[in-house]
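Visitor:
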Amino acid sequence: MRAPVDREWPLDADDFSAYYAFAPAALAIRECVRLRAVRELDLPEPLLDVGCGDGLFARLAYPDKQAWGIDINPTEVQRAQRTASYRTLICGNIVNVHLPEGFFGSAIANCSLEHVPDLHGALVNIRRALRPGARFVLIVPTPDWTYQLALPEALRSVGLVGLSRAYGDALDRVFSHVHLYDEAGWRDHLARAGFDLVETRPIAGRPTSWAFDFMLYPSLLGYVMRKLTGRWIAMPALRPLTVDVARAVVNALGRLAPGGDAAAEYLLVAQARPDG
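In terms of this note's numbering, the sequence shown opens at residue -9 and continues consecutively.
So this is what it looks like as structure tokens:
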């Protein structure tokens, strides 16, 4: 298993600006790191994007590829339509939606499958839609992703271990995490669905975790806004006025993080078995 790469930081200016225009800084931090990791991978067409959301990630990560997007949230699918990121968009549940069998050359699930209650059903349906030997890329949180955050570390340092754990548990509830496994756990789930796990790459190192944690608090307004209106940002047109300051603050926060190989997320590369 590779250690998180140091070149995750500083964050890419263009990627951060693209996300910051429509999302809180905390989310933009994570997506910048994921984009950098995904761009290192060859994802043959047609590509299936599982839990595609608003389509911004696809537009930035693989703008010229023939891609299909699927999401269970109709509001997100409507937003994705406006980005023109996908050849085909499907609003449905990945567990039971009908997909063309053996059609896709690759698939990606960017922090989506950890939210699906029937994980096995989702994996089986994705495997059925992939060609034999096709790559399936998952980005998922590690089981102890909250352990790497700044506030839990501070709480543990003064002996408040229980409060640190409660903070992490609360975040898992906020983000609706159902499946949090180590590498062996994901290997087992993938194997039972007809995949071989061929690479596990830890991403989102300590700077990402610390900057994300610090920026969660100013991002709470965006969370409330999304619950009320379906949008993260009240006035997107004004965001470019603050993007340079926000990026400078975020990069400064990342530099505060102590060293170490801890990672908050896995990038998993699986391969569809011919006999799957």
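Glycine included, each C-beta is placed from N, C-alpha and C at the ideal position. Note that the coordinates shown come from a computational prediction; the quantities given were computed from them, not determined experimentally.
Need the endpoints of the alpha helix (DSSP H) that residue 176 sits in, please.
Guide: The residue given as residue 176 occupies position 186 in the sequence shown. Taken as a continuous stretch (DSSP letters only), the alpha helix (DSSP H) holding residue 176 covers 173 to 182.
Visitor: My output table needs one value for residue 244: the three-state DSSP class, helix, strand or coil.
Guide: Here residue 244 is taken as the residue at index 254 of the sequence shown, counted from 1. Residue 244: helix per DSSP, three-state reduction.
Visitor: Going by Cα to Cα distance, which pick from 192, -1, 30, 253 is closest to residue 137?
Guide: Residue numbering aside, residue 137 sits at position 147 when the sequence shown is read from its first letter. Minimum Cα distance to residue 137 is reached at 253.
Visitor: With DSSP as the reference, label residue 261 as helix, strand or coil.
Guide: The residue given as residue 261 occupies position 271 in the sequence shown. Strand at residue 261.
Visitor: Start and end of the beta strand (DSSP E) containing residue 126?
Guide: To locate residue 126, count along the sequence shown from 1; it is residue 136. Here the beta strand (DSSP E) through residue 126 covers 120 to 131.
Visitor: Determine, using beta-carbon pairs with one atom in the segment 229 to 243 and one in the segment 170 to 190, whether at least three such pairs fall under 8 Å.
Guide: no
Visitor: In chain order, which alpha helix (DSSP H) runs of at least 4 residues are fully inside the segment 15 to 64?
Guide: 15 to 28, 46 to 51
Visitor: Would you decide whether residue 9 is buried or exposed? Buried here means 16 or more other CB atoms lie within 10 Å of its CB.
Guide: For this step, residue 9 is matched to residue 19 along the sequence shown. When all chains shown are included, residue 9 counts as buried.
Visitor: If residue 255 and residue 131 are in contact, beta carbons under 8 Å, what's the gap, nearest whole angstrom?
Guide: In the sequence shown, residue 255 corresponds to position 265, counting from 1. In the sequence shown, residue 131 corresponds to position 141, counting from 1. The beta-carbon separation of residue 255 and residue 131, rounded to 6 Å, stays under the 8 Å limit for a contact.
Visitor: Does residue 256 come out as helix, strand or coil in the three-state DSSP assignment?
Guide: Locating residue 256 in the sequence shown gives position 266, counting from the first residue. Residue state, collapsed to three classes: strand.
Visitor: Looking at C-alpha atoms only, which residue of 100, 42, 88, 11 is the closest neighbour of residue 286?
Guide: Because residue 286 is not part of the residues shown, which for the chain are -9 to 266, the question remains open.
Visitor: Tell me whether residue 10 counts as near the ligand NAD, meaning its Cβ is closer than 7 Å to at least one heavy atom of that ligand.
Guide: Looking for the ligand NAD in the displayed structure turns up nothing, as the structure carries no ligands at all.
Visitor: In three-state DSSP terms, what is residue 2?
Guide: To locate residue 2, count along the sequence shown from 1; it is residue 12. It is coil, neither helix nor strand.
Visitor: Short of 8 Å in beta carbon distance, which residues of its chain neighbour residue 207, apart from the five on each side in sequence? Order them along the chain.
Guide: On the sequence shown, position 217 is the one that residue 207 refers to. Annotation for residue 207: no residue places its beta carbon closer than 8 Å to its own, counting only its chain and skipping 5 residues before and after.
Visitor: Quick one: what's got a C-beta closer than 6 Å to residue 75's C-beta in the same chain, skipping five residues either side?
Guide: Mapped onto the sequence shown, residue 75 falls at position 85. Correct list, in chain order: 45, 48, 49.
Visitor: Can you look up residue 192 in the DSSP assignment and give me helix, strand or coil?
Guide: The sequence position of residue 192 within the sequence shown is 202, counting from 1. Residue 192: strand per DSSP, three-state reduction.
Visitor: State buried or exposed for residue 202, treating a residue as buried only when at least 16 other CB atoms are found within 10 Å of its CB.
Guide: One-based indexing of the sequence shown puts residue 202 at position 212. Buried is the label assigned to residue 202, since at least 16 other Cβ atoms lie within 10 Å of its Cβ.
Visitor: What does a CB cutoff of less than 7 Å around residue 190 pick up in its chain, not counting 5 residues either side in sequence?
Guide: Residue mapping note: residue 190 aligns to position 200 of the sequence shown, counting from 1. The beta carbon of residue 190 sits closer than 7 Å to the beta carbons of -9, 173, 256, 258 from its chain, once the five residues preceding and following it are set aside; these are given in chain order.
Visitor: Using alpha carbons as the reference points, say which of 80, 106, 66, 57 lies closest to residue 95.
Guide: Numbered from its first residue, the sequence shown carries residue 95 at position 105. Of 80, 106, 66, 57, the residue nearest in Cα terms is 57.
Visitor: So who's on the other strand from residue 96, going by DSSP bridges?
Guide: Position 106 of the sequence shown, counting from 1, holds the residue named residue 96. DSSP lists 37, 125 as the bridge partner or partners of residue 96.
Visitor: Just to confirm, is the Cβ distance from residue 260 to residue 185 under 8 Å?
Guide: Here residue 260 corresponds to residue number 270 of the sequence shown, with the count starting at 1. Here residue 185 corresponds to residue number 195 of the sequence shown, with the count starting at 1. Contact: yes.
Visitor: Measure the C-alpha to C-alpha separation of residue 115 and residue 177 and round it to an integer number of angstroms.
Guide: Working through the sequence shown from its first residue, we reach residue 115 at position 125. Working through the sequence shown from its first residue, we reach residue 177 at position 187. Spanning the two alpha carbons is a distance of roughly 17 Å.
Visitor: Identify which residue in 263, 242, 230, 264 has its Cα closest to the Cα of residue 14.
Guide: Here residue 14 refers to the residue found at position 24 of the sequence shown. Residue 230 is the option with its Cα nearest to residue 14.
Visitor: Can you tell which of 38, 51, 159 has the C-alpha that lies nearest to the C-alpha of residue 5?
Guide: Against the sequence shown, residue 5 aligns to sequence position 15. Among 38, 51, 159, the Cα nearest to that of residue 5 belongs to 51.
Visitor: Alpha carbon to alpha carbon, how far is residue 158 from residue 246?
Guide: Within the sequence shown, residue 158 is the residue found at index 168, counting from 1. Within the sequence shown, residue 246 is the residue found at index 256, counting from 1. The straight-line gap from Cα to Cα measures roughly 21 Å.
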